[in-house]
Amino acid sequence: MSPRLSICVPSRNRQVSFRQTIRDLLANPRGDVEFVFADNSDDGAIMDAFIAGLADPRIRYLKSSDHPLPMQDNWDRTMAAASGDWIVFIGDDDYVDPDVLDTIAEIAARRPTVDAVGWNRMSFKWPEYRPFRGNTCLSLGNSVTLADRDKQFRTMFLWEGAAPIPKVAFGAYHGAVRRDVMERIRTTFCGRYFEHPTVDFDCSFKLLLTARELVYIDRPFSVLGTTSSSNSAAVGRFERVGEIHDEMTGQEASYFEDPAFPFTSRLGVASSILAAQHWFKTKYGIRFDGWEENFTHALAIDCGHAEDKVGFDRHAAQCRDALSQLQGGRLLAAFNPRFLPRRNSGVYTGLRGQYLFIDETIAACRTPAEFYGIAQSVLEPPSELKYHFDQAKHLTPMVSAA
Numbered sequence: 262m263s264p265r266l267s268i269c270v271p272s273r274n275r276q277v278s279f280r281q282t283i284r285d286l287l288a289n290p291r292g293d294v295e296f297v298f299a300d301n302s303d304d305g306a307i308m309d310a311f312i313a314g315l316a317d318p319r320i321r322y323l324k325s326s327d328h329p330l331p332m333q334d335n336w337d338r339t340m341a342a343a344s345g346d347w348i349v350f351i352g353d354d355d356y357v358d359p360d361v362l363d364t365i366a367e368i369a370a371r372r373p374t375v376d377a378v379g380w381n382r383m384s385f386k387w388p389e390y391r392p393f394r395g396n397t398c399l400s401l402g403n404s405v406t407l408a409d410r411d412k413q414f415r416t417m418f419l420w421e422g423a424a425p426i427p428k429v430a431f432g433a434y435h436g437a438v439r440r441d442v443m444e445r446i447r448t449t450f451c452g453r454y455f456e457h458p459t460v461d462f463d464c465s466f467k468l469l470l471t472a473r474e475l476v477y478i479d480r481p482f483s484v485l486g487t488t489s490s491s492n493s494a495a496v497g498r499f500e501r502v503g504e505i506h507d508e509m510t511g512q513e514a515s516y517f518e519d520p521a522f523p524f525t526s527r528l529g530v531a532s533s534i535l536a537a538q539h540w541f542k543t544k545y546g547i548r549f550d551g552w553e554e555n556f557t558h559a560l561a562i563d564c565g566h567a568e569d570k571v572g573f574d575r576h577a578a579q580c581r582d583a584l585s586q587l588q589g590g591r592l593l594a595a596f597n598p599r600f601l602p603r604r605n606s607g608v609y610t611g612l613r614g615q616y617l618f619i620d621e622t623i624a625a626c627r628t629p630a631e632f633y634g635i636a637q638s639v640l641e642p643p644s645e646l647k648y649h650f651d652q653a654k655h656l657t658p659m660v661s662a663a
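Following my numbering, the numbering of the sequence shown begins with 262 at its first residue and continues without gaps.
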């Protein structure tokens, strides 16, 4: 029997992009995909009326409750409502190609023990949010390979590569996870699918510790969108980062953040991920050493993305204060942030290796789905992907299911 795919879209108070994302997903007519839309807005009537006007049996709609849910609770109920064999989550301002299911099915047929499939992604700023001109990057690769999970683990937990957001491709967010693996995560850890407010990394942490085989597609199948109200729009705007921290944690801050640990999500993207890792390893007794210098370099890069020089100086001082409280301040010497002013002109476009950089305003695209349609004209069709599983090596889960 062919597998089914559940595309899950949890949302909160972003009805404009949510409605457009729903329209774009439903435009694909295939019948082996279901769509789980979960509204978590202060005024649920807006989305209730919109969904009521859609006659599509593939929709599973979860209404807003009488009070706002924490992000992890909204994601958890979304997952619980999904019935597909494979699960994908995206944001309400993103896009994923439902036809990715054909490639997932081909991978699963060739590698029955695959637990998760990751792929390259593109980014797109919606026209209403473009603070400066920018480009986006398309990978022109066409390979499908087994991933080295140990390397993924080092990238995630040891911060190898020193990026503000560790470049890990596997998780339910903009990736596909087998349903029974999500059930394994639920039973192995805490009786739920998503536990920490940093839901995407919470899932990735647990997946990397329990997965058998991970397969990576070096071709984009989804688009990370950004609107003015997206969390990603707060990168470099550190006051807004603090507001998001308060919105996400609320009364739960004492549970998810250790007051003795100097890094919280108030200090930006890298710090937010580190705080989630600290919570995870503390709760589950998992130890990973040797991350400190790499993280310090990632923190410096994140700091350099400040919106302006005043914000940069203020944030650099806050980061230095946090580092001074970690391991006797020994990492301060490795913290050398450099302010990187945002450019307003001179956007690079062209080919660099296997990566094509294009102006994100190409063809006056209005949505991530429209942008993906343009990208399709230059990307390899999925039918031409090359599968390289000849060096396959079985990966034993590091944590057994309960």
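Quick reminder that beta carbons are idealized off the backbone N, C-alpha and C, glycines included.
- Beta-bridge partners assigned by DSSP to residue 396: 620.
- Between the region 295 to 315 and the region 272 to 284, the count of C-beta pairs closer than 8 Å reaches three or more; the two stretches touch.
- Taking residue 334 as reference, the option from 583, 272, 415 with the minimal CA-CA separation is 272.
- Counting only unbroken stretches of 4 or more residues, the alpha helix (DSSP H) elements lying wholly within the region 328 to 410 are 332 to 342, 361 to 371, in sequence order.
- With a threshold of 16 other beta carbon atoms within 10 Å, residue 386 meets it and is buried.
- Residue pairing for residue 474: DSSP places it in a beta bridge opposite 375.
- In the three-state reduction of the DSSP assignment, residue 428 falls in the coil class, being assigned neither a helical nor a strand state.
- When the alpha-carbon of residue 432 is set against those of 471, 539, 423, the nearest one is in 471.
- By the criterion of a C-beta distance shorter than 8 Å, residue 545 is surrounded in its chain by 450, once the five residues flanking it on both sides are discounted.
- DSSP, reduced to helix, strand and coil, places residue 542 within a helical segment of the structure shown.
- Residue environment: residue 482 is assigned as buried (16 or more neighbouring CB atoms within 10 Å of its CB, all protein chains considered).
- Nearest to residue 298 by alpha-carbon distance, out of 291, 626, 317, 553, is 317.
- In this structure, the beta-carbon distance from residue 362 to residue 266 falls below 9 Å.
- When secondary structure is reduced to three states using DSSP, residue 299 falls in the strand class.
- Pairing residue 526 with residue 459 gives a Cβ-Cβ distance under 9 Å.
- Residue environment: residue 538 is assigned as buried (16 or more neighbouring CB atoms within 10 Å of its CB, all protein chains considered).
- In the three-state reduction of the DSSP assignment, residue 528 falls in the helix class.
- Taking all protein chains in view, the Cβ of residue 286 is crowded by 16 or more other Cβ atoms within 10 Å, so the residue is classified as buried.
- Straight-line spacing of the CA atoms in residue 424 and residue 375 works out to 27 Å.
- For residue 395, the CB contacts under 7 Å within the same chain, skipping 5 residues up- and downstream, are 386, 608, 621 in chain order.
- Following the DSSP letters along the chain, one finds residue 629 inside the alpha helix (DSSP H) bounded by residues 629 to 637.
- Bridge partners of residue 481 according to DSSP: 381.
- The region 339 to 350 and the region 312 to 326 touch, with three or more beta-carbon pairs separated by less than 8 Å.
- Taking C-alpha positions only, residue 566 is separated from residue 518 by approximately 24 Å.
- Proximity of the region 434 to 449 to the region 343 to 350 meets the contact definition, three or more beta-carbon pairs being nearer than 8 Å.
- Residue 435 carries a coil assignment under DSSP once its states are collapsed to helix, strand and coil.
- Shown here, residue 547 sits in coil according to DSSP, grouped into three states, outside any helix or strand.
- Beta-bridge analysis with DSSP links residue 647 to 404.
- Secondary structure at residue 286: helix, using DSSP grouped into helix, strand and coil.
- When C-alpha distances from residue 534 are compared across 595, 306, 559, the shortest belongs to 559.
- The secondary-structure analysis by DSSP pairs residue 454 with nothing; it has no beta-bridge partner.
- The beta-carbon distance between residue 406 and residue 477, rounded to whole angstroms, is 6 Å. This is short enough to meet the 8 Å contact definition.
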